[in-house]
Each structure stands twice: as structure tokens, then as C-alpha cells.
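Read through the structure below, which is laid out as C-alpha cells, and then see the notes.
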Amino acid sequence: MAHVWQGVINEYKDRLPVTKQTEVITMGEGGTPLIQARALSELTGSTVWLKFEGMNPTGSFKDRGMTMAITKAKESGAKAVVCASTGNTSASAAAYAKQAGMRSAVLVPEGKISMGKMSQAVAHGADIIQIDGNFDNCLEVARKLSESYPVFLVNSVNPYRIEGQKTAAFEVVDTLGDAPDIHVLPVGNAGNITAYWKGYREYAQETPATSGETLSAVSTRTPAMWGFQAEGAAPLVLGHPVTEPETIATAIRIGNPASWDTAIAARDESGGLIDSVSDVEILEAHRWLSSREGVFVEPGSASGVAGLLKKARAGEVPTDATIVVTVTGHGLKDPQWAIKGAEAEDPTAAEPKRVAFDVVSVASALGLE
Ligand code: AN7
Numbered sequence: 001m002a003h004v005w006q007g008v009i010n011e012y013k014d015r016l017p018v019t020k021q022t023e024v025i026t027m028g029e030g031g032t033p034l035i036q037a038r039a040l041s042e043l044t045g046s047t048v049w050l051k052f053e054g055m056n057p058t059g060s061f062k063d064r065g066m067t068m069a070i071t072k073a074k075e076s077g078a079k080a081v082v083c084a085s086t087g088n089t090s091a092s093a094a095a096y097a098k099q100a101g102m103r104s105a106v107l108v109p110e111g112k113i114s115m116g117k118m119s120q121a122v123a124h125g126a127d128i129i130q131i132d133g134n135f136d137n138c139l140e141v142a143r144k145l146s147e148s149y150p151v152f153l154v155n156s157v158n159p160y161r162i163e164g165q166k167t168a169a170f171e172v173v174d175t176l177g178d179a180p181d182i183h184v185l186p187v188g189n190a191g192n193i194t195a196y197w198k199g200y201r202e203y204a205q206e207t208p209a210t211s212g213e214t215l216s217a218v219s220t221r222t223p224a225m226w227g228f229q230a231e232g233a234a235p236l237v238l239g240h241p242v243t244e245p246e247t248i249a250t251a252i253r254i255g256n257p258a259s260w261d262t263a264i265a266a267r268d269e270s271g272g273l274i275d276s277v278s279d280v281e282i283l284e285a286h287r288w289l290s291s292r293e294g295v296f297v298e299p300g301s302a303s304g305v306a307g308l309l310k311k312a313r314a315g316e317v318p319t320d321a322t323i324v325v326t327v328t329g330h331g332l333k334d335p336q337w338a339i340k341g342a343e344a345e346d347p348t349a350a351e352p353k354r355v356a357f358d359v360v361s362v363a364s365a366l367g368l369e
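Sequence positions in the sequence shown follow our numbering and run 1 to 369.
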């Protein structure tokens, strides 16, 4: 019988902190497509793959960590969870909390989260608190709230989030047969780069399983980790926190990443890099993905591709390599940029032709002969 995907905890339970008694809270997350990026491959002379995390239940990679965090919250008897978020974490927390029968409170920077993400939190009945401040301010409050009140913190400072998210690296190796040469991804709060690096390292060595036996290595190597921040929110590139982060890519509008040290470790131990890309480069990559690869992502998700394009132009991308780029969230989260991007190329793009109810007229409008 065909294998039916059971969600990341059930699929990788030997490598995650659960027992047979754990009630797993899952919505079937993970198992996302690894898509060949033909245009990027042609441009770079390497084989480029896109790990399309927009295909998770709430439309972003956050679901991998959230299944783990909410499962552990439930196991510990929590009745409510809290998170700070630029949008995707709140959408995921709200959905998984409902799945677990828990209450969720989400703290978001006022006016700086996309409509799609906000509507998810609303739809799932989260208690939404808009904070007059940025993500970093929200996270500070969420942390303090969880220290003093009976709410379970589900931001990626919660190590269970990282555990769940590391499964994306396992999937890449399971699909390709080994680790890629380079893994490229956007960096905001830096949980994901931390998680991927942990996953790749664990898969490349013998590891004690949760059940006690020893798991042999699955991959023969680990990739260089290439992370890209938005230029106006690039603390890891600058080497100091940014108090007023600014970028159109609201998902990664973060000035003081919680996983700072582990992101730097991932960069250095892997022989990788963390660089920045401008908003113009992010939007160019966003448009590239939708118009050339057929993959629709939100702007923040395109920063990895923007970085790859930037490095390719500088002649710094090796040829004949295997490169995986994680695109972290779905384009439907923040669709206005698709319209703007298409209009920039063709001002009439967002005004579909109006044609009479008639085959000949439609054929003529399409230029068919
Ligand atoms: C689409 O939802 O921080 O470096 O609060 O939504 O692991 O933080 C989102 C981050 C990349 C950055 N792409 O990942 C939040 C939040 C998308 C994102 C990132 C985020 P990290």
C-alpha cells in the first residue's frame, strides 16, 4: 500500500523527543515538495531545488516546529500558548492550538503583518494583541508573559520548535539521497537556519535514537549553509542588533534574532555565509520564482533566491553543485506583491482582457489562429 504521510513527528519519531505515550498533535505537516528550479539551474550551471514550505497546512515552514511545540505543551498540561510573530508563527500557533483544544495568544507588530496571516489568526480564534512596536518588542513581552503567567511559549526560543523544524533537512536528504553542497534560506529570527544545520549534522553521524538504539548515518556530508537577511534588517551581517528594522518582507523584519549564536555557528561550522539582499532584489527574486519557476511564495521567502541570484551575478556560485533553496511561505499569504510585480513589467497585467461570450472573440484575444 502507498505510504500515507503521517506528519513530521510520526515520520521521524526516533529522532524527536516523544514517547509511545505522547499524544501527537499533527495536521500532516512536512513531506513538502522538492521542486526542480529549471531557470535557476540554467543560470547557475548547478542543479537547484526549491524546498516549497508553503505546502504545509498553514502555508509556512512554521508548522514543522509547531506540531512539536504544541504536542509538548499539551503533554505538559498547558491550557494556553503564546507567541510573538511577524505573522506565520501566529497563523501556525493559532491553528495547532485549536487542533489541541488550547487557547492561543499572539503578539504581533501593529500594521506590519500581512492580511493573509492576520486572517488565519482571526479565523482560528486566537487572542490577537497588536503591540505598538516591532517583532523584537513582541518577543520580549511574550517571553516575560510566559515566565510570569500560565502560558506556554511557542516561539523558536522553545527548543521543541527547532527539533520539529530540523525534519526539513531530513526530508531533503531522504529525497536527494545525500545532503546538497549548499543549502540556501531566508534568515529572520534565525530558528530555521539553526534547525536545518542541526538536522543535517544529526543525519551525517551515528545518533542515539529516542528509543535507545543507535541510528546509523544517513548522509555522507553536510552542506554549506547560506543565509540571507533583508538589508534593512540584517543584524547578523552587521554584527549588532538593529533597533528599527525595515523591509517590505515583513516576515523577516527582525532586528535582534533570538537564535543569534546558533546561526553564526551554523554559518561557521558549515563553511557557509550570511549576507543581505535589498528589497528590490527580494522583489526581483519573488517575481523570478512566480514567472519563471511557477512557484508562488511570499516576499520574505524569496530572500534565499535573491541571495542566490546575487551570488551568481558575482560569480560566487559553484557550477555542477547541488543546491537546495528553502522557500519558506506561500505566496497567498501576501498576494499584493504578485500584482505589483506583474504590473511593474506590464502595466496592464492585472487588468485581464474583457471579451464577449464568444469563441472567436476569445481566440482572437488570445492571438490564436
Ligand atoms: C516566510 O512568523 O519570525 O529565521 O514570527 O515567516 O527561522 O525566523 C517568521 C519568520 C522566513 C525567517 N520566511 O525564519 C514569525 C517569524 C518566512 C517567515 C522566516 C520567517 P527564521
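All C-beta atoms, glycine included, are put in the ideal place defined by N, C-alpha and C.
Tell me the rounded alpha-carbon separation between residue 343 and residue 349.
Along the sequence shown, read from residue 1 onward, the residue named residue 343 stands at position 343. Along the sequence shown, read from residue 1 onward, the residue named residue 349 stands at position 349. If you take the alpha carbons of residue 343 and residue 349, they lie about 5 Å apart.
Going by beta carbon distance, what residues of the same chain come within less than 8 Å of residue 70, once the five residues before and after it are set aside?
If you number the sequence shown from 1, residue 70 lands on position 70. Closer than 8 Å at Cβ, skipping near neighbours: 25, 81, 93, 96, 97, 99, 100, 102 and 154.
Pick out the complete beta strand (DSSP E) segments inside the segment 219 to 265, 3 residues or longer, and give them in chain order.
List check, beta strand (DSSP E) in window: 224 to 230.
Spell out a yes or no on whether the segment 202 to 222 and the segment 279 to 299 are touching, meaning 3 or more CB-CB pairs, one atom from each, closer than 8 Å.
Too few Cβ pairs lie closer than 8 Å, so no.
Specify, as a first and last residue, the run of the alpha helix (DSSP H) that residue 136 falls within.
Translated into positions along the sequence shown, residue 136 becomes position 136. Start and end: 135 to 148.
Compare the Cα-Cα distances from residue 168 to each of 368, 276 and 8 and report the closest residue.
Position 168 of the sequence shown holds residue 168. Of the listed residues, the one whose Cα sits closest to residue 168 is 8.
Suppose the cutoff is 6 Å on Cβ atoms and the five residues either side in sequence are ignored; what does the same chain contact list for residue 61 look like?
Counted from its first residue, the sequence shown places residue 61 at position 61. So the list reads 53 and 328, once near-sequence residues are dropped.
Do residue 203 and residue 225 have their beta-carbon atoms positioned less than 9 Å apart in this structure?
Numbered from 1 along the sequence shown, position 225 holds the residue referred to as residue 225. Numbered from 1 along the sequence shown, position 203 holds the residue referred to as residue 203. Not in contact: residue 225 and residue 203 (Cβ atoms no closer than 9 Å).
Could you check if residue 46 is buried or exposed, using at least 16 other CB atoms within 10 Å of its CB as the buried criterion?
One-based indexing of the sequence shown puts residue 46 at position 46. Flag for residue 46 reads buried.
Ligand 1 and residue 186: does the residue's C-beta get closer than 8 Å to at least one heavy atom of that ligand?
Here residue 186 is taken as the residue at index 186 of the sequence shown, counted from 1. Checking the Cβ of residue 186 against ligand 1 gives yes.
So, with DSSP's three-state summary, where would you put residue 167?
Along the sequence shown, read from residue 1 onward, the residue named residue 167 stands at position 167. Of the three classes helix, strand and coil, the one that applies to residue 167 here is helix, per DSSP.
Based on Cα-Cα distance, which residue from 249, 333, 76 and 261 lies nearest to residue 240?
Position 240 of the sequence shown, counting from 1, holds the residue named residue 240. Of the candidates 249, 333, 76 and 261, the one whose C-alpha sits nearest the C-alpha of residue 240 is 261.
Can you determine whether any heavy atom of ligand 1 sits closer than 8 Å to the C-beta of residue 272, and answer yes or no?
Numbered from 1 along the sequence shown, position 272 holds the residue referred to as residue 272. Residue 272 Cβ: outside cutoff for every heavy atom of ligand 1.
Count the other CB atoms, across all protein chains shown, that sit within 10 Å of the CB of residue 200; report buried if there are 16 or more and exposed otherwise.
Walking along the sequence shown from the start, residue 200 turns up at place 200. Its Cβ being crowded by 16 or more others within 10 Å, residue 200 is buried.
Who are the near neighbours of residue 453 in its chain, counting only those whose CB is closer than 7 Å to its CB and skipping five residues on each side?
This structure cannot speak to residue 453, because the chain is shown only from 1 to 369.
With a threshold of 8 Å (Cβ to nearest heavy atom), would residue 245 be considered close to ligand 1?
Mapped onto the sequence shown, residue 245 falls at position 245. Checking every heavy atom of ligand 1 against the Cβ of residue 245, none is found closer than 8 Å.
According to DSSP, is residue 124 part of a helix, a strand, or is it coil?
Along the sequence shown, one-based indexing puts residue 124 at 124. Reduced to three states, the DSSP call for residue 124 is coil.
Under the rule that 16 or more other beta-carbon atoms within 10 Å means buried, what is residue 68, buried or exposed?
Numbered from 1 along the sequence shown, position 68 holds the residue referred to as residue 68. The residue in question, residue 68, is buried, as its Cβ has 16 or more Cβ neighbours within 10 Å.
For residue 334, which beta-bridge partners are listed by DSSP?
Within the sequence shown, the letter at position 334 stands for residue 334. DSSP output for residue 334 lists no bridge partner at all.
For the 8 Å Cβ check, are there 3 or more pairs between the segment 172 to 191 and the segment 291 to 311?
Short answer: they touch.
Please state whether DSSP places residue 366 in a helix, a strand or coil.
Position 366 of the sequence shown, counted from the start, is the residue given in the question as residue 366. It is coil, neither helix nor strand.
Is any non-hydrogen atom of ligand 1 found closer than 8 Å to the C-beta of residue 276, if you look at the structure I gave you?
As a first step, residue 276 must be located in the sequence shown, where it is residue number 276. False, no ligand heavy atom lies under 8 Å from that Cβ.
Express the C-alpha separation of residue 321 and residue 41 in angstroms, rounding to a whole number.
The sequence position of residue 41 within the sequence shown is 41, counting from 1. The sequence position of residue 321 within the sequence shown is 321, counting from 1. Approximately 10 Å, taken between the alpha carbons.
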